[in-house]
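Numbering (the working numbering), first residue to last: 18 to 656.
Yeah, the Cβ is synthetic: ideal placement off N, Cα and C, and Gly gets one too.
So the structure is just underneath, and the comments pick up after that.
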């Protein structure tokens, strides 16, 4: 425990100094004397080789007897540039470098320690108050990826050590919690209400309204839950926030608990996030040591105990009633509402449930005021939104943009456009419960209402970009397969309806059986039944996950019906993605009869004599493309 930081917390709690004054004095009282090397060590960084990079950095320093500090930080957001290494020399700004694999470490450190800045992997420099700028080095946050972002939730991610509470406090951490403790709980709730903060988990319910409902419900025990069960394919926002800045989540959760009168909080997080869980446990321990959690917090007679509940990866446990059942030790299955959790939730007591991003917004709102937050965004959607940007774009990663930013700005300005300069086709937003947005709607400003108007939804924030080579029927099949497997099975519309929708999609993307007229009729009827089934599932499913399950199919049918028709009537996949509908032909003018394709074919669909042209039996061909890959003479083409 740092004595200076401990003193800072006590002075702040007593109202003897402002957060800015004390944070500034901490920086001045602890001058940097040795180089600091920061390694981007989120899950994405480790996946790109950050562990080897860190080991190589430490070996470099050891061999040369150089005194320096090596610090792990979370992901700053630009995942496609991992492993990221930042270097801060005493008295100078911190400089960031991307794609620094282990083999590049020595050259990089040699140059920087000699006072030279290599341009090849340079991302930019961090502008800092108490440090000198590097000449002719751009500001990191002027980089195209960061320039249009507004970082509130992500403001510390990639900058500070997630396992060091002192660093969080130096950035003003826990000052919002201490400020909230000087306010009446109802005033804290009013501040959140007026800010316009809406739940970032998908539905967009007003956060302050939810807190007030729980506050107004009388009970001997209340609970508050953070939903970190991030189950959408392509979503990694909550994981990155917890890995990079866990104390921010804890602070927002503590403020929420104080506001509604909860003394016990749960963080429900999937067990597949081991790094996030590890850093979260460490942060909770540190907050206890500093008197910010536990009994009689800061001598204010306020109590809060935070417990971590690890989920087993069931997608349905992202639904709040199923999540509460899981915490209680039961199978995670939704319950009808009302009663709502704010009236009768966990263990039958009033309960508030918000997700990671929602709680991470709270400290900034309390510190800066509701007017500050409300000034950002659109009329009905205030503040910023974090998105996990993946798919066929040049720069992937985690972004935070003001509400009202257009899809076009995200794809072409922040992400740098479509990879390999291919044509944009669609973007899937909101995960399995969301929908796709086409080129016609690229200029739509992002907010809850606008997305719903075009058949999509905000969801938790997964944003997957697809190019011209994507089959939208295959995309719908992927999401429907995911939803069908993750259905809890409690209600028939979701359990059986999604199964039937998946069967129809599998049928129209499967190789047709020759001379089977009944099968052809089934394929034709399937496209009609899809929309009818979707309406029944939406209208009669028990929970929100079931009600939104048909969205990917309805969205792709709405904008890409011609692709469905091509699969049914022409028995062809326009994007040549559905392998069973692909057809190959051997050009007899180019074929030398070498026999390589014949040997590679897994179904013996190729026939022919040696040194004579070969042929493909279409009835046996499964469209795998092994023959085309093996042919050295480019004699096999897709038709």
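Burial check for residue 375: the Cβ neighbour count within 10 Å reaches 16 or more, so the residue is buried. As the crow flies, the alpha-carbon of residue 142 is around 12 Å from that of residue 176.
Counting other Cβ atoms within 10 Å of its Cβ, residue 351 reaches 16 or more and is therefore classed as buried. By the C-beta criterion, the region 482 to 497 is judged not to be in contact with the region 375 to 389, since fewer than 3 inter-stretch pairs fall below 8 Å. At least 8 Å separates the beta-carbon of residue 307 from that of residue 197. Rounded to whole angstroms, the gap between the alpha carbons of residue 120 and residue 312 is 50 Å. In the displayed model, residue 113 falls within a strand according to three-state DSSP.
The continuous beta strand (DSSP E) containing residue 455 extends over residues 452 to 455. By alpha-carbon distance to residue 543, the top candidate from 520, 527, 556 and 316 is 520.
Taking C-beta atoms as the reference points, residue 249 and residue 449 count as a pair closer than 8 Å. Per DSSP, the continuous beta strand (DSSP E) segment holding residue 103 begins and ends at 102 to 105. Along the region 300 to 350, the beta strand (DSSP E) occurs as fully enclosed runs of 3 or more residues at 322 to 328, listed in sequence order. The beta carbon of residue 190 is closer than 6 Å to those of 264 in its chain, skipping five residues each way along the sequence.
Contact annotation, residue 301 with residue 340: C-beta distance approximately 20 Å; criterion of less than 8 Å not satisfied. The criterion of a C-beta distance shorter than 8 Å is satisfied by residue 239 and residue 231.
In the displayed model, residue 471 falls within coil according to three-state DSSP, outside both helix and strand. Secondary structure within the region 217 to 284: the beta strand (DSSP E) runs of 3 or more consecutive residues, fully enclosed, are 240 to 245 (chain order). Distance check between residue 647 and each of 234, 608 and 635 places 608 closest, using alpha-carbon atoms only. Taking residue 115 as the centre and dropping the five residues before and after it, the same chain places the C-beta of 98, 101, 138 and 140 closer than 6 Å to its C-beta, in chain order. When rounded, the separation of the alpha-carbon atoms in residue 410 and residue 420 is 21 Å. Beta bridge pairing from DSSP links residue 371 with 243. Rounded to the nearest angstrom, the gap between the Cα atoms of residue 560 and residue 103 is 46 Å.
One Cα belongs to residue 164, the other to residue 58, and the distance between them is close to 23 Å.
With distances taken between CA atoms, residue 321 lies nearest to 242 out of 242, 295, 333 and 253. Residue 401 is positioned such that its CB atom lies closer than 8 Å to that of residue 167. Linking residue 299 to residue 447 through their CA atoms gives a straight-line distance of about 31 Å.
For the pair residue 292 and residue 405, the CB atoms are not nearer than the 8 Å cut-off.
Residue 139: member of the beta strand (DSSP E) spanning 139 to 142, first to last residue.
Counting other Cβ atoms within 10 Å of its Cβ, residue 621 stays below 16 and is therefore classed as exposed.
Separation of the CB atoms of residue 225 and residue 214 is rounded to 7 Å, and the pair is thereby assigned contact status at 8 Å.
Secondary structure of residue 149 (DSSP, three-state): strand.
Residue 258 sits close to residue 377, with the two beta carbons spaced by under 8 Å.
When C-beta atoms of the region 510 to 520 are compared with those of the region 549 to 564, three or more pairs fall below 8 Å, so the two segments count as touching. DSSP places residue 543 in the helix class (H, G or I) of the three-state scheme. One alpha carbon belongs to residue 422, the other to residue 236, and they sit about 42 Å apart.
The bridge partners DSSP lists for residue 399 are 394.
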